[in-house]
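Engineer: Numbers in the numbering used here are just positions in the sequence shown, counted from 1, shifted up by 10. Ideal Cβ positions, reconstructed from N, Cα and C, are used throughout, including at glycine.
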Amino acid sequence: MAKEIKAIKCPNCGSVNKIELKPDFYKCTSCQTEYFLDDNDVNINYNHNFNNGNQFTDHSKTIKIVGIVIGCIIGFFVLVSILIGVFSSSKKSSNYVYSTPAATTKEEIDSGYSASRYTSFAFLVPSSKQPVVIFLESRRYNDRSYETKNGTYLAYYSLLKKELLAETKMSDESLSSSDVKIRTFSDGNIYITNNKTSLLKLNKENFKTEDVGKKFFEANTELQVGVATMELVYDHNGDGLVLLTNDGKKRYYYPLIQKLYTEDAYRKASYGFESLLPSASTKTIYTFSSESSEYPEEKLQLMRVIFKDNGAGPKNTNFNLRWWKDYGRSGIFTGGEPYRKVLISAYGMQSSRVLSIKDITPERLYFSPSVLVDEDQTLIIKFKGDANVKSPYKLQKINPQNGAVEWTTSLPTDTEIELLMKYKDGFAGTTRKDEIILLDNKGNITSTYKLD
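#1: Of the choices Y151, N199, K214, S184, whose alpha-carbon is the least far from that of L175?
#2: Can the beta-carbon of T456 be found less than 8 Å from the beta-carbon of L449?
#3: Under the assumption that E416 contacts S130 (Cβ atoms under 8 Å), give the Cβ distance between them as a whole number of angstroms.
#4: Is the Cβ-Cβ distance between T388 and L312 less than 8 Å?
#5: Is Y376 helix, strand or coil when you go by DSSP?
#6: Nearest-angstrom Cα distance between F195 and Q360?
#7: Between the C-alpha atoms of L254 and N204, what's the straight-line distance to the nearest angstrom?
#8: Compare the Cα-Cα distances from L405 to each of Q411, V235, G453 and report the closest residue.
#9: What residue does the alpha helix (DSSP H) around F227 start on, and which one ends it?
#10: Grouping DSSP H, G and I as helix and E and B as strand, with all else coil, what is G338?
#11: Do S187 and R150 have their CB atoms nearer than 8 Å?
#12: How would you write the range of the alpha helix (DSSP H) that G358 sits in, first residue to last?
#13: Please determine, among Y167, N152, Y166, the residue with the shortest C-alpha to C-alpha distance to N160.
#14: Identify every residue that forms a DSSP beta bridge with Y167.
#15: Go to D369, then tell me how far its alpha helix (DSSP H) extends in each direction, as first and last residue.
#16: Who pairs with C38 in a beta bridge, going by DSSP?
#17: Who are the near neighbours of Y459 in its chain, counting only those whose CB is closer than 8 Å to its CB and skipping five residues on each side?
#18: Within 8 Å, do at least three Cβ pairs link the region 258-274 to the region 330-343?
#19: If you draw a straight line from the C-alpha of K191 to the C-alpha of A290, how long is it?
#20: Where DSSP assigns a beta bridge to D384, which residues make up the other side?
#21: How far does the beta strand (DSSP E) with A238 in it extend, from its first residue to its last?
#22: My assumption, with CB atoms under 8 Å, is that L331 sits in contact with L382. Please give the rounded CB distance.
#23: Beta-carbon separation of T292 and V315 under 8 Å?
#24: Just the C-alpha distance for R350 and L310, rounded to the nearest angstrom, thanks.
#25: Should V243 go down as buried or exposed, given a rule of 16 or more other Cβ atoms within 10 Å for buried?
#26: Leaving out five residues on either side along the sequence, give the residues of the same chain with a beta carbon under 6 Å from the beta carbon of D51.
#27: Which word fits H69, buried or exposed, when buried means at least 16 other C-beta atoms lie within 10 angstroms of its C-beta?
#28: Would you list the residues sitting across from T194 in a DSSP beta bridge?
#29: Evaluate R442 with the Cβ neighbour count: other Cβ atoms within 10 Å of its Cβ, from every protein chain shown; 16 or more gives buried, anything less gives exposed.
#30: Which residue or residues does DSSP assign as beta-bridge partners of V252?
#31: Flag G453 as yes if its beta-carbon sits less than 8 Å from any beta-carbon of chain B, otherwise no.
#32: Distance, Cα to Cα, M240 vs D189?
#33: Put Y403 into one of helix, strand or coil per three-state DSSP.
#34: Report the partner residues of E212 according to the DSSP bridge assignment.
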C-alpha cells in the first residue's frame with residue numbers, strides 16, 4: 011500500500027526535526043525521543059531514550075555528587091548526635107556521682123530541711139561579747155530517712171559569722187511561739203518554758219540547756235505534789251511562772267525569790283508601793299504612749315518613766331500611757347460628770363509604782379513608733395515618717411537626756427526590724443522576713459542577709 015507522506019512531529023515535544031534511524035524509526039533531534047510509525051499510520055509510539063553517551067555520563071556524575079553531598083550531611087549530623095550523646099552521658103554521669111550517697115556526706119544530706127521560724131531572741135555571749143540570735147524553728151527534713159529528726163528546734167545563729175552555731179530539739183511535734191517562751195530574768199540568766207511541761211536554763215557559752223524546774227519547785231512544799239503545766243507570766247509582770255499543780259491548783263511562782271502566790275495574793279503583790287520587796291530599786295525606761303479612743307487626734311509621745319522596780323518579785327510595768335478621761339472613780343458615765351484629761355491617773359501612778367513621767371521630744375510627731383533598744387543610756391527607736399501605712403520605717407538614735415537626734419537611718423522598703431540589740435561594734439537585729447541586719451555605731455547599715 012502506498013504511504014501518504016505527512017509531516018511527522020515528535021510526539022513528545024512536537025518538533026519536526028528528526029533523523030531516521032531505520033525505516034519508520036526516528037529520533038527527535040530536539041528532545042532525543044525515539045519514536046516509530048506503525049503500518050497503518052495510526053499510532054506513533056515513542057520512548058524516552060537517555061542512552062546518549064555524554065548525557066548519561068553527565069547525569070550520572072550529577073547523581074553521584076548529590077548522593078555524596080547528602081551522605082556527607084547525614085554523616086555529619088549522625089556524628090554530631092553521637093558526640094552530643096557521649097558528652098551528655100558523661101555530664102549526667104558526673105552529676106549522678108556527686109548526688110549519690112557515696113559522694114555526699116551524711117551531714118550534707120542531714121542538713122537539708124525546710125523551716126518555719128516563729129520567734130527570735132538575742133543575747134551576747136559573755137566571754138566574746140558577740141551577738142547571737144535564737145530562732146524557734148519548726149523543721150521538716152527533705153530526706154525521708156531522717157524523718158525522725160522532724161520537729162521543733164531552738165537554733166542559735168551567729169549574727170556576725172552568719173552561721174548556725176548550735177541547735178536543741180525541743181519536740182518531735184510542730185510547736186509555735188505560744189508553746190515555747192524565752193525570757194531573761196533579773197539574775198541575767200535566760201529561762202525557757204517548753205510546751206508547758208519543763209523549765210530550762212540556757213548556758214550562754216555552750217548553748218546547752220538544763221532542766222531546772224525540779225530544783226526550783228522542790229524549794230516549796232506546796233509544789234512537791236508535782237506541776238502539771240507551767241507558763242511564763244507576761245513580760246511586764248517579771249520573773250514569774252503560772253503553774254497548775256497536779257492536784258489542780260493555780261499558783262503564781264517567782265522562783266528567784268521562792269515565793270508562791272494565790273490569785274488574790276499575786277494581784278496585791280504586783281501593785282502599789284506598800285508591797286515592794288526590800289530589794290526594790292529605782293529604774294528608768296523609755297516608752298511610747300498608746301493611741302487613745304477618747305482623744306484620737308492626740309499625738310504619740312516618747313516618754314521617760316521613772317519607777318520603783320520590784321526586782322525578782324511581782325510587778326506591772328505595763329504603764330498603759332494614753333490620753334483618757336479620768337472621772338476619779340470607776341462606774342458608768344453619761345458624759346455630764348466632771349473629769350480630768352490625763353495621760354496616767356494618780357491611781358495608775360500609785361498602783362504601777364511610777365515616780366514621774368516626761369515627754370522628752372514634745373515637738374515631735376511619730377507614726378507607728380516603738381522602742382527597740384533601751385540600755386546603758388542608748389535609746390534606739392523605729393517609726394514611720396508619715397501616716398501612709400506603706401511608708402518605710404526609719405531608725406533613730408535619741409539622746410535620752412535631752413531628746414536630741416544623734417543619727418537617723420532609713421530602712422529599705424518593706425523592711426521592719428523585729429528585734430535589735432547593741433554590741434561593741436554597733437547593732438545587730440532581725441526583721442520580720444527572717445533577715446539579719448547589722449549597723450555600725452553611727453547607724454550605717456553594714457550588712458543584710460537572709461537565713462537559708
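Structural biologist: Quick answer:
#1: Against the sequence shown, residue 175 aligns to sequence position 165. The option with the nearest alpha carbon to L175 is K214.
#2: Taking the first residue of the sequence shown as position 1, residue 456 is located at position 446. Taking the first residue of the sequence shown as position 1, residue 449 is located at position 439. With contacts defined as CB atoms closer than 8 Å, T456 and L449 qualify as a contacting pair.
#3: Looking up residue 416 in the sequence shown gives position 406. Looking up residue 130 in the sequence shown gives position 120. The distance from the Cβ of E416 to that of S130 is about 26 Å, inconsistent with a contact at the 8 Å cut-off.
#4: Walking along the sequence shown from the start, residue 388 turns up at place 378. Walking along the sequence shown from the start, residue 312 turns up at place 302. Cβ atoms of T388 and L312: not closer than 8 Å.
#5: For the purposes of this step, residue 376 is taken as residue 366 along the sequence shown, with counting starting at 1. Note: Y376 maps to coil in three-state DSSP.
#6: Residue 195 sits at position 185 when you count from the first residue of the sequence shown. Residue 360 sits at position 350 when you count from the first residue of the sequence shown. Between the alpha carbons of F195 and Q360 lies a distance of about 24 Å.
#7: As a position in the sequence shown, residue 254 is number 244, starting the count at 1. As a position in the sequence shown, residue 204 is number 194, starting the count at 1. The alpha-carbon atoms of L254 and N204 are separated by roughly 15 Å.
#8: In the sequence shown, counting from the first residue as 1, residue 405 sits at position 395. Nearest C-alpha to L405: G453.
#9: Taking the sequence shown and counting its residues from 1, one reaches residue 227 at position 217. Element bounds for F227: 223-227.
#10: Position 328 of the sequence shown, counting from 1, holds the residue named residue 338. Residue state, collapsed to three classes: coil.
#11: One-based indexing of the sequence shown puts residue 187 at position 177. One-based indexing of the sequence shown puts residue 150 at position 140. No, these two residues do not count as a Cβ contact at 8 Å.
#12: Locating residue 358 in the sequence shown gives position 348, where the first residue counts as 1. Looking at the DSSP string, the run of the alpha helix (DSSP H) that includes G358 is 356-361.
#13: Here the question's residue 160 lines up with position 150 in the sequence shown. Taking only the C-alpha atoms, the option nearest N160 is N152.
#14: As a first step, residue 167 must be located in the sequence shown, where it is residue number 157. Paired residues: V143, L174.
#15: Taking the sequence shown and counting its residues from 1, the one referred to as residue 369 is at position 359. No alpha helix (DSSP H) contains D369, which is instead part of the beta strand (DSSP E) from 364-369.
#16: Along the sequence shown, one-based indexing puts residue 38 at 28. Looking at the DSSP output, C38 bridges to K28.
#17: The residue you call residue 459 lines up with position 449 of the sequence shown. K172, E445, I446.
#18: Contact between the region 330-343 and the region 258-274 is absent, because fewer than three Cβ pairs lie under 8 Å.
#19: Start at 1 with the first residue of the sequence shown, and residue 191 comes out as number 181. Start at 1 with the first residue of the sequence shown, and residue 290 comes out as number 280. About 26 Å.
#20: Locating residue 384 in the sequence shown gives position 374, where the first residue counts as 1. According to DSSP, D384 bridges with L389.
#21: Counting from 1 along the sequence shown, the entry for residue 238 is found at position 228. From DSSP, the beta strand (DSSP E) with A238 extends over 237-242.
#22: Here residue 331 refers to the residue found at position 321 when the sequence shown is read from its first residue. Here residue 382 refers to the residue found at position 372 when the sequence shown is read from its first residue. Contact flag wrong, Cβ pair sits at about 18 Å.
#23: Here residue 292 refers to the residue found at position 282 of the sequence shown. Here residue 315 refers to the residue found at position 305 of the sequence shown. Not a contact, by the Cβ cut-off of 8 Å.
#24: Counting from 1 along the sequence shown, the entry for residue 350 is found at position 340. Counting from 1 along the sequence shown, the entry for residue 310 is found at position 300. Roughly 19 Å between the two C-alpha positions.
#25: For the purposes of this step, residue 243 is taken as the residue at position 233 of the sequence shown. Buried, since its Cβ has 16 or more Cβ neighbours within 10 Å.
#26: By one-based count along the sequence shown, residue 51 stands at place 41. Confidence at D51 is low in this model, with a pLDDT of 44, below 50, so its placement is unreliable and no value can be given for it.
#27: Taking the sequence shown and counting its residues from 1, one reaches residue 69 at position 59. Residue confidence is low: H69 scores 46 on pLDDT, short of 50, so the model does not pin down where it sits. Its coordinate-derived value is still stated next. Result: exposed.
#28: As a first step, residue 194 is located in the sequence shown; it is residue number 184 there, counting from the start. Per DSSP, I200.
#29: Along the sequence shown, one-based indexing puts residue 442 at 432. R442 comes out exposed.
#30: For the purposes of this step, residue 252 is identified with residue 242 of the sequence shown, where counting begins at 1. According to the DSSP secondary-structure assignment, V252 is paired through a beta bridge with E241, Y262.
#31: Of the protein chains in this structure there is only one, and it is not chain B.
#32: As a first step, residue 240 is located in the sequence shown; it is residue number 230 there, counting from the start. As a first step, residue 189 is located in the sequence shown; it is residue number 179 there, counting from the start. Rounded to the nearest angstrom, the two C-alpha atoms are 10 Å apart.
#33: Taking the sequence shown and counting its residues from 1, the one referred to as residue 403 is at position 393. Y403: strand per DSSP, three-state reduction.
#34: For the purposes of this step, residue 212 is taken as the residue at position 202 of the sequence shown. Sequence inspection shows Leu at residue 212; the Glu mentioned does not correspond to that position. I200, T219, per the DSSP bridge assignment.
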